[in-house]
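J.: Structure in structure tokens, see below.
2 protein chains.
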Amino acid sequence: MIGEFDLIRRIQKNANLLCPNDPAVLLGIGDDSAATLSSRGNALLTTTDMLLEKTHFDLAFSSFFQIGYKALSVNLSDIAAMGGTPRFYLVSLGLTGKESVRDIDALYRGMNEASHELSISLQSPCHLIGGNTARSHAGLSISITLLGEVPKKEMVTRSTATPGDFIYVTGTLGDASAGLELLKKNLRKGGFRALPHKHLMPKARVQEGRLLAKKKIPSAMIDLSDGLSSDLLHITDQSGVGAQLACATFPISETLKRYAKTMGTNWYDYALHGGEEYELLFCVPEKNRDRLEKLIHHKAIDARCIGKILPKKHGVLVTGIDGDVYKLKPSGYDHFRQGMI
Amino acid sequence: MIGEFDLIRRIQKNANLLCPNDPAVLLGIGDDSAATLSSRGNALLTTTDMLLEKTHFDLAFSSFFQIGYKALSVNLSDIAAMGGTPRFYLVSLGLTGKESVRDIDALYRGMNEASHELSISLQSPCHLIGGNTARSHAGLSISITLLGEVPKKEMVTRSTATPGDFIYVTGTLGDASAGLELLKKNLRKGGFRALPHKHLMPKARVQEGRLLAKKKIPSAMIDLSDGLSSDLLHITDQSGVGAQLACATFPISETLKRYAKTMGTNWYDYALHGGEEYELLFCVPEKNRDRLEKLIHHKAIDARCIGKILPKKHGVLVTGIDGDVYKLKPSGYDHFRQGMI
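The listed protein sequences correspond, in order, to chains A and U. According to the numbering used here, the residues represented by the first sequence are 1 to 341, in order. According to the numbering used here, the residues represented by the second sequence are 342 to 682, in order.
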């Protein structure tokens with residue numbers, strides 16, 4: 001049996017064991033606040049994302065290790081979408097009291113795994129520097145704040161896409177949302193394992209985001225958290241442009257194609273509207289396209305062109321696999337879809 | 342009726358209206374991450390605290406404005422305890438769907454009020470720069486991350502108290518915990534209003550913390566969130582020292598004295614073990630004591646000496662009002678008092 005302060009000491013000890021000394025960390029876990037140094041000419045990036053039981057994860061089919069991994073990965077993805085390098089993170093835990101010490105250790109091991117696996121280099125994982133724990137009278141909640149850095153001149157935002165830019169996306173689309181469907185239906189059909197895995201342990205594209213920013217390739221970038229249709233609209237809204245996507249060019253895994261066929265559904269619905277993919281969507285001006293295609297050819301990055309940025313007056317369009325063009329409606333995840341009073 | 346993205350736009354609009362342009366904010370709400378600049382020679386302070394319904398606040402007796410105010414204040418208090426200047430904050434909201442848009446506006450107005458009222462100067466409130474919102478299937482949750490700055494050489498930690506230092510505390514002790522008791526018992530006895538007010542809207546000692554750090558007066562500092570007995574032990578544990586407090590010297594409000602008398606309880610129990618006071622506890626070497634006493638005399642700071650740091654071998658002691666000396670047991674708030682498996 002351990003109490004709050006023992007728990008904090010345990011987290012602190014594990015954090016210190018896992019992370020080598022970083023001269024930029026003046027003060028880690030154990031004081032009122034963490035203290036770090038930021039180097040000159042760099043913008044400090046800060047993002048925060050909260051994972052709530054039943055909303056973002058279900059203990060019925062997620063392990064504590066997977067929840068920890070995903071919690072950090074979704075935050076890493078936001079830094080990736082700015083072209084930044086993740087540096088430090090803080091964790092707020094709301095614990096129900098049903099968790100064992102073993103569960104909480106696994107949660108932090110999952111975060112540590114994501115930090116190492118998804119970092120820019122093995123030498124520089126991002127470090128746990130603080131947080132807090134409290135009793136939750138409702139479900140388990142994990143709120144992570146992630147600090148990162150990016151040279152001011154390399155930062156990529158959502159608001160700078162220009163008509164004529166090509167729209168690219170990393171990895172494949174739709175796997176995570178098909179995976180969630182599979183988990184919810186409690187289907188464990190052989191051969192589809194990659195789909196739930198992508199939902200449970202999404203890999204933030206930190207290296208890809210940093211590489212693109214360093215090479216100054218994208219005009220605008222966002223990570224796919226709400227779903228392609230919603231997230232593309234964030235870019236077009238904030239940049240004041242239109243866009244057209246072509247379904248036939250979407251990168252779709254063979255597994256998703258087989259799954260959709262088995263279920264009698266359409267793979268492009270998962271690809272267009274499925275949330276939590278954590279791939280990067282980025283816009284590339286014509287003049288940078290050759291450099292990007294060379295990186296793709298040399299397998300430095302896995303990305304594919306799926307459309308083009310248009311002048312605002314065209315709106316946001318999709319060419320379906322039947323060749324028909326229709327208006328893109330955002331059907332990605334909206335937490336308050338039913339509206340608020 | 343508004344959806345998630347309308348809600349975010351509303352929060353963004355209000356944040357921009359409330360905060361003048363700050364050249365250190367390269368990118369505020371609306372992208373994947375906020376981007377700020379930190380000046381050279383300063384340590385970047387980062388703290389995060391989560392407020393959960395039923396654990397930290399009760400909608401039965403807290404307004405949304407008060408919850409917002411308190412949520413920011415408890416984070417400001419952590420930066421105050423390091424001697425820092427609060428700069429930016431990010432808010433993660435878990436909403437149940439029962440909140441109206443008016444409620445959420447009030448929540449952010451409460452945070453904005455705390456930011457202005459408790460800042461170092463009226464000219465430099467700390468700014469809302471990001472966050473996220475999600476549906477909570479349990480209670481309302483608010484997680485704030487606060488960034489601050491402090492010149493490296495002025496940062497005050499918990500781990501540097503030395504035997505011979507005098508222990509000081511700002512303001513009064515025990516009011517907030519008596520106030521919570523009063524609210525829980527639904528007693529609205531006239532004349533005690535200051536007590537629940539301190540529980541509902543604690544004022545972080547940001548100006549005091551900064552003044553003390555700038556004048557390099559304290560050897561160690563902490564804010565009283567768990568309660569005097571628990572928080573003093575954080576200082577003695579981390580500094581490797583002992584301590585002795587004298588109950589007779591505690592700063593106690595007349596209201597608390599009257600309340601304790603009415604209830605047939607002891608005011609020193611509230612003072613020693615009551616949580617959420619958000620006063621500063623700090624240790625002062627003999628050589629700095631005159632300078633501090635002058636500041637107190639000129640009303641630049643409201644603080645009082647309540648004890649002394651001793652060598653570790655003495656342990657942590659309290660002289661009761663009866664003159665007896667006993668060992669201090671931590672009875673402040675521990676979220677996992679019943680222990681974990």
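Glycine residues also receive a C-beta, built at the ideal position from the N, C-alpha and C atoms. Note that the coordinates shown come from a computational prediction; the quantities given were computed from them, not determined experimentally.
1) Does the structure place the region 138-151 of chain A close enough to the region 476-491 of chain U that three or more beta carbon pairs sit under 8 Å?
2) Please confirm whether ALA134 (chain A) and TYR69 (chain A) have their CB atoms less than 8 Å apart.
3) Under the DSSP definition of a beta bridge, which residues are partnered with THR145 (chain A)?
4) Would GLU490 (chain U) and LEU658 (chain U) qualify as a contact pair, given that the criterion is a beta-carbon distance under 8 Å?
5) Note down the Cα distance separating ASP610 (chain U) from PRO671 (chain U), rounded to an integer number of angstroms.
6) Could you say which of A:HIS199, A:ALA243 and A:LEU52 lies nearest to TYR278 (chain A) if we only look at CA atoms?
7) Measuring straight from C-alpha to C-alpha, what distance separates ASP665 (chain U) and PRO626 (chain U)?
8) Could you check whether LEU280 (chain A) and MET221 (chain A) sit closer than 8 Å to each other, using their CB atoms as the reference points?
9) Contact criterion: CB-CB distance below 8 Å. Does ALA479 (chain U) meet it with respect to chain A?
10) State yes or no: is the C-beta of LYS525 (chain U) nearer than 7 Å to some heavy atom of the ligand ATP?
11) Measure the alpha-carbon distance for PRO196 (chain A) versus SER433 (chain U) and round it to whole angstroms.
12) By DSSP, does ILE222 (chain A) sit in helix, in strand, or in coil?
13) Since ARG135 (chain A) is in the beta strand (DSSP E), which residue starts that stretch and which ends it?
14) Give the single residue among U:THR603, U:PRO592, U:PHE429 and U:CYS467 whose Cα lies nearest to the Cα of GLY532 (chain U).
15) In chain U, which residues lie with their C-beta within 7 Å of the C-beta of ILE301 (chain A)?
16) Would DSSP call ALA412 (chain U) helix, strand or coil?
17) For the alpha helix (DSSP H) holding TYR268 (chain A), just list the boundary residues, first then last.
18) So is GLY227 (chain A) buried or exposed if we call it buried at 16+ other beta carbons inside 10 Å?
19) Of the residues U:ILE508, U:LYS439 and U:PRO504, which one's Cα is nearest the Cα of GLY648 (chain U)?
20) One question on the structure: do ARG632 (chain U) and GLY424 (chain U) come within less than 8 Å of each other, judged by their Cβ atoms?
21) Helix or strand or just coil, what does DSSP make of GLY583 (chain U)?
22) Who are the Cβ neighbours of THR389 (chain U) in its own chain at under 8 Å, not counting the five residues just before and after it?
23) Are the Cβ atoms of ASN383 (chain U) and PRO492 (chain U) separated by less than 8 Å?
24) Shorter than 8 Å from the beta carbon of LEU26 (chain A) to some beta carbon of chain U?
25) Could you please give the first and the last residue of the uninterrupted beta strand (DSSP E) stretch that includes ILE321 (chain A)?
26) What is the rounded straight-line gap between the Cα of THR660 (chain U) and the Cα of ASN527 (chain U)?
27) List the endpoints of the continuous beta strand (DSSP E) containing THR249 (chain A).
28) What are the complete alpha helix (DSSP H) segments, minimum 4 residues, inside the region 145-195 of chain A?
29) So is ILE647 (chain U) in contact with chain A if we call contact Cβ pairs under 8 Å?
30) Residues of the region 109-138 of chain A with a CB closer than 8 Å to any CB of chain U: list them in chain order, please.
31) What residue range is occupied by the uninterrupted alpha helix (DSSP H) comprising ALA35 (chain A)?
32) Listed in chain order, which residues of the region 493-511 of chain U have Cβ atoms closer than 8 Å to some Cβ of chain A?
33) With a threshold of 16 other CB atoms inside 10 Å of the CB of PRO311 (chain A), please say whether the residue is buried or exposed.
34) Report the neighbours of SER141 (chain A) on chain U: residues whose CB is nearer than 7 Å to its CB, in chain order.
35) Should the region 89-106 of chain A be regarded as contacting the region 511-525 of chain U, the criterion being three or more beta carbon pairs within less than 8 Å?
36) If you count every other CB in all the chains shown that lies within 10 Å of the CB of ARG205 (chain A), and 16 or more means buried, which is it?
T.: Let's see:
1) yes
2) As a position in the first sequence, residue 134 (chain A) is number 134, starting the count at 1. As a position in the first sequence, residue 69 (chain A) is number 69, starting the count at 1. In this structure, TYR69 (chain A) does not lie closer than 8 Å to ALA134 (chain A) by Cβ.
3) Here the question's residue 145 (chain A) lines up with position 145 in the first sequence. In DSSP, THR145 (chain A) forms a bridge with A:THR48 and A:LEU90.
4) Stepping through the second sequence from its first residue, residue 490 (chain U) is reached at position 149. Stepping through the second sequence from its first residue, residue 658 (chain U) is reached at position 317. No. Outside cutoff.
5) Sequence index remark: in the second sequence, residue 610 (chain U) carries index 269 (1-based). Sequence index remark: in the second sequence, residue 671 (chain U) carries index 330 (1-based). Their backbone Cα atoms lie some 12 Å apart in a straight line.
6) Here residue 278 (chain A) refers to the residue found at position 278 when the first sequence is read from its first residue. Measuring from the Cα of TYR278 (chain A), the nearest candidate turns out to be A:HIS199.
7) In the second sequence, counting from the first residue as 1, residue 665 (chain U) sits at position 324. In the second sequence, counting from the first residue as 1, residue 626 (chain U) sits at position 285. If I take the Cα positions, the gap works out to 26 Å.
8) Position 221 of the first sequence holds residue 221 (chain A). Position 280 of the first sequence holds residue 280 (chain A). For MET221 (chain A) and LEU280 (chain A), yes; Cβs fall inside 8 Å.
9) Taking the second sequence and counting its residues from 1, one reaches residue 479 (chain U) at position 138. Cβ-Cβ to chain A under 8 Å: yes for ALA479 (chain U).
10) No copy of the ligand ATP occurs in the structure displayed, which carries no ligand at all.
11) For the purposes of this step, residue 196 (chain A) is taken as residue 196 along the first sequence, with counting starting at 1. For the purposes of this step, residue 433 (chain U) is taken as residue 92 along the second sequence, with counting starting at 1. When the Cα atoms are used, PRO196 (chain A) and SER433 (chain U) turn out to be separated by approximately 27 Å.
12) What you label residue 222 (chain A) is simply residue 222 of the first sequence in a count that begins at 1. If DSSP states are grouped into helix, strand and coil, ILE222 (chain A) belongs with the strands.
13) For the purposes of this step, residue 135 (chain A) is identified with residue 135 of the first sequence, where counting begins at 1. Segment 127-135, the beta strand (DSSP E) holding ARG135 (chain A).
14) Position 191 of the second sequence, counting from 1, holds the residue named residue 532 (chain U). Checking every option, the nearest Cα to that of GLY532 (chain U) belongs to U:THR603.
15) Here residue 301 (chain A) refers to the residue found at position 301 when the first sequence is read from its first residue. By Cβ distance, chain U contributes nothing, its closest Cβ being about 18 Å from ILE301 (chain A), past 7 Å.
16) On the second sequence, residue 412 (chain U) is found 71 positions in, with the first residue counted as 1. Residue state, collapsed to three classes: helix.
17) Taking the first sequence and counting its residues from 1, the one referred to as residue 268 (chain A) is at position 268. 267-273 is the span of the alpha helix (DSSP H), which, as asked, contains TYR268 (chain A).
18) To locate residue 227 (chain A), count along the first sequence from 1; it is residue 227. Buried.
19) By 1-based counting over the second sequence, the position of residue 648 (chain U) is 307. Residue U:ILE508 is the option with its Cα nearest to GLY648 (chain U).
20) Against the second sequence, residue 632 (chain U) aligns to sequence position 291. Against the second sequence, residue 424 (chain U) aligns to sequence position 83. Cβ distance not < 8 Å, so ARG632 (chain U) and GLY424 (chain U) don't count as in contact.
21) Sequence index remark: in the second sequence, residue 583 (chain U) carries index 242 (1-based). Assigned with DSSP and collapsed to three states, GLY583 (chain U) falls in strand.
22) Residue mapping note: residue 389 (chain U) aligns to position 48 of the second sequence, counting from 1. Result list for THR389 (chain U): ASN416, SER484, ILE485, THR486 and LEU487, in chain order.
23) Here residue 383 (chain U) is taken as the residue at index 42 of the second sequence, counted from 1. Here residue 492 (chain U) is taken as the residue at index 151 of the second sequence, counted from 1. Contact: yes.
24) Reading the first sequence from its first residue, position 26 is the one you call residue 26 (chain A). For LEU26 (chain A), the answer is yes, since a Cβ of chain U falls inside 8 Å of its Cβ.
25) Along the first sequence, one-based indexing puts residue 321 (chain A) at 321. No residue range can be given for ILE321 (chain A), since it is assigned to no beta strand (DSSP E) and is classified by DSSP as neither H nor E.
26) Residue 660 (chain U) sits at position 319 when you count from the first residue of the second sequence. Residue 527 (chain U) sits at position 186 when you count from the first residue of the second sequence. If you take the alpha carbons of THR660 (chain U) and ASN527 (chain U), they lie about 33 Å apart.
27) Counted from its first residue, the first sequence places residue 249 (chain A) at position 249. Counting along the chain, THR249 (chain A) falls outside any beta strand (DSSP E), and DSSP gives it neither H nor E.
28) Within the region 145-195 of chain A, the complete alpha helix (DSSP H) segments of 4 residues or longer fall at 175-184, listed in chain order.
29) The count along the second sequence starts at 1 and reaches residue 647 (chain U) at position 306. No, ILE647 (chain U) does not count as interfacial toward chain A.
30) ILE129, GLY130, GLY131, ASN132, THR133, ALA134, ARG135, SER136, HIS137 and ALA138
31) Along the first sequence, read from residue 1 onward, the residue named residue 35 (chain A) stands at position 35. First-last for ALA35 (chain A): 34-36, but that is the beta strand (DSSP E), not the alpha helix (DSSP H).
32) LYS493, MET496, THR498, ARG499 and SER500
33) Locating residue 311 (chain A) in the first sequence gives position 311, counting from the first residue. PRO311 (chain A) comes out exposed.
34) Working through the first sequence from its first residue, we reach residue 141 (chain A) at position 141. Here the neighbours are GLY435 and SER482.
35) no
36) In the first sequence, counting from the first residue as 1, residue 205 (chain A) sits at position 205. ARG205 (chain A) should be labelled buried.
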